[in-house]
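This is how it looks when you write it as structure tokens:
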């Protein structure tokens, strides 16, 4: 006979084959029917321990229904059901890349209920040691942390869905962050690069980048309506980038999209140096000539920088041209972001411009980001500040 333990507390019985069985009601399904969980064992004590643990989990709200969901399947569900409706396309692209390239190949086939902190720690350690796709070495601490953030968010949702009792990412250790050394153009390198722009069709684009610190996506998405040639200023309100399309009905796998900056501070007005303004005016005249030459095939995008028939310039093609110009100027490889954006901020700070002004022109949401990113300039600024106080300590000559 079953041994009753009280209402909704489960029961234990011995089966005809000599095995012991325990059963507990864990809740109700969508049709109002009871959901029951069975436990089996060779002894009564064995199933009683399993039953007591289940009762305790039910009372605490940590009981997890048995499931055979794999990590890879759950990450797909989380990505497309929970994140896709609420995040920017570029963010969805980044999540998908980390899951497809770095997470799933290592732990994607593990059952969600079997995932343990040591599995995740091994993932982080492997990526830190040899995570580069080209086999050149490990990922940076920042990249590993992005993997962690993605996995942590997905598993947090799994906890909310009662698929797992707790989030195993919370019991892992992340690599220590090392502040990367910012690489910028020296003044001499910057002048060499500018010299290499002679005769370049998009000369004004590179000069505008060096004179304002805008990103390549912001540069390629800048419309003439956001350029004030009278006052000499531009307004950044959008960016363009090519992203992967997660739509089976789409005729292409990727597409160019225009979107606002990630933060409100990214929407900003930037005054132009007089020489940069002059370049933009000359560029507009050249563009009008291209429009007349193109005639009916001209695409009226209204953008400042376009291809020869007015269409949007692919950001990757623009970057390819930048690297060609580096070779022409006999300069070592440096990415566009560092060569223009970081160089722009560095030049301002070297000129003793207030960091708050630099923050606003760069579109940083917090001044600490500006100060931390460009800390390489701070020793020179501090030295100059100390020199300004020197007069206070010089011995005064009596009349």
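In the numbering used here, the protein residues as written are 11 to 409. We put the beta carbon where it would ideally sit given N, CA and C, even for glycine.
Using a Cβ-Cβ cutoff of less than 7 Å, which residues in the same chain neighbour residue i once the five nearest sequence positions on both sides are dropped?
| i | result |
| --- | --- |
| residue 229 | 215, 218, 219, 315 |
| residue 368 | 355, 358, 359, 380 |
| residue 168 | 84, 122, 174 |
| residue 179 | 130, 158, 161, 162, 165 |
| residue 181 | 127 |
| residue 281 | 242, 243 |
| residue 317 | 323 |
| residue 28 | none |
| residue 403 | none |
| residue 283 | 221 |
| residue 291 | 239 |
| residue 387 | 356, 359, 360 |
| residue 394 | 362 |
Measure the Cβ-Cβ separation of residue i and residue j and say whether it is below 9 Å.
| i | j | result |
| --- | --- | --- |
| residue 157 | residue 137 | yes |
| residue 313 | residue 185 | no |
| residue 300 | residue 319 | yes |
| residue 344 | residue 194 | yes |
| residue 100 | residue 269 | yes |
| residue 203 | residue 335 | yes |
| residue 239 | residue 287 | yes |
| residue 32 | residue 60 | yes |
| residue 143 | residue 111 | yes |
| residue 210 | residue 331 | yes |
| residue 125 | residue 113 | no |
Quick one: what's got a C-beta closer than 6 Å to residue i's C-beta in the same chain, skipping five residues either side?
| i | result |
| --- | --- |
| residue 385 | none |
| residue 109 | 85 |
| residue 276 | 373 |
| residue 307 | 319 |
| residue 304 | 319 |
Alpha carbons only, please: which of the options is nearest the one belonging to residue i?
| i | options | result |
| --- | --- | --- |
| residue 107 | 269, 210, 86 | 86 |
| residue 370 | 203, 51, 32, 273 | 273 |
| residue 258 | 35, 90, 211 | 90 |
| residue 115 | 200, 104, 133, 153 | 133 |
| residue 119 | 401, 82, 196, 88 | 82 |
| residue 183 | 155, 201, 195, 190 | 155 |
| residue 199 | 342, 293, 404 | 342 |
| residue 189 | 171, 208, 150, 209 | 150 |
| residue 434 | 51, 62, 117, 192 | Since the displayed the chain opens at 11 and closes at 409, residue 434 lies outside it and no answer follows. |
| residue 223 | 352, 253, 387, 44 | 352 |
| residue 153 | 390, 105, 197, 302 | 105 |
| residue 361 | 67, 302, 197 | 197 |
| residue 20 | 66, 302, 26 | 66 |
| residue 25 | 44, 48, 43 | 48 |
| residue 187 | 382, 389, 400 | 382 |
| residue 170 | 293, 92, 294, 363 | 92 |
| residue 231 | 321, 209, 363, 113 | 321 |
| residue 350 | 333, 225, 249, 52 | 225 |
Apart from the five residues on each side of it in sequence, which residues of its chain come closer than 8 Å, Cβ to Cβ, to residue i?
| i | result |
| --- | --- |
| residue 236 | 244, 245, 246, 247 |
| residue 255 | 262, 263, 264, 265 |
| residue 94 | 102, 256 |
| residue 392 | none |
| residue 56 | 30 |
| residue 58 | 22, 32 |
| residue 326 | 252 |
If contacts are defined as beta-carbon pairs under 8 Å, then residue i and residue j qualify, I think. What distance do you get, rounded to the angstrom?
| i | j | result |
| --- | --- | --- |
| residue 176 | residue 121 | With a Cβ gap of about 16 Å, residue 176 and residue 121 do not count as contacting. |
| residue 373 | residue 278 | 5 Å |
| residue 46 | residue 30 | The Cβ separation is near 16 Å, so there is no contact. |
| residue 251 | residue 221 | With 8 Å as the limit, residue 251 and residue 221 do not qualify as a contact, their Cβ atoms being about 22 Å apart. |
| residue 64 | residue 34 | 5 Å |
| residue 206 | residue 396 | Their Cβ separation, rounded to whole angstroms, is 38 Å, which puts residue 206 and residue 396 out of contact at 8 Å. |
Uninterrupted alpha helix (DSSP H) stretches inside the stretch 148-187 (no shorter than 4 residues):
With a minimum length of 4 residues, the continuous alpha helix (DSSP H) runs that stay inside the stretch 148-187 are 151-170.
Which ranges would you report for the alpha helix (DSSP H) in the stretch 306-334 if only whole runs of at least 4 residues count?
With a minimum length of 4 residues, no continuous alpha helix (DSSP H) run stays inside the stretch 306-334.
Every unbroken beta strand (DSSP E) inside the stretch 235-269 [3 residues or more]:
Unbroken beta strand (DSSP E) runs of no fewer than 3 residues, entirely contained in the stretch 235-269, are found at 243-246, 249-254, 264-269, following chain order.
If we require 4 or more residues per run, which alpha helix (DSSP H) segments fall completely within the stretch 73-115?
The qualifying runs are 81-87, 99-107.
Length at least 4, wholly inside the stretch 194-229: the alpha helix (DSSP H) runs in chain order:
For the stretch 194-229, whole alpha helix (DSSP H) runs of length 4 or above, ordered along the chain, are 197-205, 213-222.
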